[in-house]
Amino acid sequence: MRVVVDKVEKRSWVEIDLEQIRNNFSIYKSYLPENYKIIAVTKADAYGHGDIMVAKTLAELGVDFFAVSNIDEAVGLREAGIKATILILGYTYPGDAKTLYDYQISQTILSKEYAEELYREGYRIRCQVAIDTGMCRIGLNANDTNSCSRLIRQYFRMFELEGIFTHFSVADSQYPSDISFTRNQIEKFGLIADSVKDLNLPYVHCCNSAAGIKYIPQVTKWKGIDKYVRLGIVLYGLKPDRGFAMPEGILPALTWKSRISMVKIVPAGSYVGYGRSFEAKRETKIVTIPTGYADGYNRHLSNNGFVIINGQKAPVIGRVCMDQILADATGIDNVKMDDTVILLGKDGGISFNADDMAELLDTIGYEVTCNISKRVQRFYV
Ligand SMILES: *Cc1c(COP(=O)(O)O)cnc(C)c1O
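Heads up: the sequence shown begins at 7 in my numbering, then just goes up one per residue.
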């Protein structure tokens, strides 16, 4: 059933196309060797798409492993009825060990010190060990294969050890030096994975969205590495990197809409918004839109972004306010109060997605969708 959200009285809202997320999942899977499985990364509220609905949708497609960023997200998924393995990719306060245990959540071992502190809490916790193969963020240093192997064996006795994983820092890059860097990360991880192969850990994984497309042949050379991809950004239809060649048919699942709260014509010479940063050079039709930086509409879009009205581009003029923006709709016909405008999405021939907005903001699509704030209600269509 498709919900027609435009008919709902909302100020600023997001529509998530779950069918598109299902499509993105299937298309991505079709690029992987047949026996590969997906770990769905639903951290940060599924990159702003709503983790519970996304996880339920994917669980129906057979996903039995989710990765999140923190214990609140993990507990949220459990309480929503997700029975799958849930891995927290980052830090959990060791004092929360009982919650990890009670909810049967898999915790990443960040370091030797972290493992010891967690162990002292006295619960046999489900765990996966992070291995640092070159990113210098979290994990045991992979340069010492023997010491890694020894610690993993130790954790196998101390915890309900389910796996080990590493993360690539430049899997999305096209540069030759980055390609050799990633190959080197794979090799370091492969050596460790092979060295603990006898433990038969169920989850030995390393690929993110980009690596799952670009590095499977290198990864499969290692017998100790399991056939898993931690799929994040591409699931939501966005690119890991500007230059990334997205598989055909994978498209953004998120549309951000708002409304016109007022239309007016101002004479040439009028100053628009805070700071008088925009001066109308001609008679201008201004629309006011009730979405602002408190909704996650980035303030750097002041005099820089645009919205889509009736299938046409309307530039954002003046500064983005906390709760409102102004756009120049001169030359666009039939513009009325209450009409829907598109902040992210497509209409007519115009398409403007989170990756496009990210380019204007000199950031990545990940940040754009994550930053759409909680007061912007998500609808599923
Ligand atoms: C976020 C994250 C992913 C997913 O990365 P994408 O680029 O979104 O596919 C995978 N692994 C780890 C450890 C992460 O933190």
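Where is the CB? At the ideal position from N, CA and C, for every residue including glycine.
Do residue i and ligand 1 come close, with the Cβ less than 6 Å from some heavy atom?
i, result
"S215", "yes"
"P296", "no"
"P246", "yes"
"L95", "yes"
"V47", "yes"
"G238", "yes"
"H173", "yes"
What did DSSP end up calling residue i once you bin it into helix, strand or coil?
i, result
"H211", "strand"
"M7", "Because the pLDDT at M7 is just 43, under 50, the model does not fix this residue reliably, and the value given afterwards should be weighed accordingly. In the structure shown, M7 sits in coil (DSSP, three-state: anything other than H, G, I, E or B)."
"D102", "helix"
"D232", "coil"
"L167", "strand"
"I315", "strand"
"C327", "coil"
"G145", "coil"
"L257", "coil"
"F358", "strand"
"L157", "helix"
"T297", "coil"
"R305", "helix"
"T151", "helix"
"L332", "strand"
"A320", "strand"
"Q180", "coil"
"I27", "helix"
"A364", "helix"
"Y97", "coil"
"M252", "coil"
"A388", "As shown, the chain starts at 7 and ends at 387. That puts residue 388 outside it, with no answer to give."
"R126", "helix"
"Y37", "coil"
"G337", "coil"
"V202", "coil"
"K62", "helix"
"D247", "coil"
Take the Cβ of residue i as the centre, count every other Cβ of all protein chains shown within 10 Å, and call the residue buried at 16 or more, exposed below.
i, result
"S186", "exposed"
"E365", "exposed"
"Y280", "exposed"
"I315", "buried"
"P208", "exposed"
"M363", "buried"
"F49", "First, the amino acid is wrong: residue 49 is Lys here, not Phe. Looking at its Cβ environment, which holds 16 or more other Cβ atoms inside 10 Å, K49 is buried."
"L67", "exposed"
"Y386", "buried"
"N403", "Outside the displayed span of the chain (7 to 387) sits residue 403, for which this structure offers no information."
"A251", "exposed"
"Q180", "exposed"
"T226", "exposed"
"S283", "exposed"
"H55", "buried"
"Y277", "exposed"
"N389", "Lying before the first or after the last residue shown, residue 389 is absent from the chain, which here runs from 7 to 387."
I'd like to confirm the pairing. Which residues does DSSP put opposite residue i in its beta bridges?
i, result
"F71", "T91"
"T346", "R265"
"C133", "Q113 and L167"
"Y277", "E285"
"K352", "S357"
"S186", "Beta-bridge pairing links S186 to no other residue."
"L372", "Sequence check: residue 372 is Tyr here, not Leu. DSSP output for Y372 lists no bridge partner at all."
"Y386", "I22"
"V272", "T290"
"P223", "Answer is none; P223 lacks a bridge partner."
"A46", "F72 and L237"
"T172", "I137"
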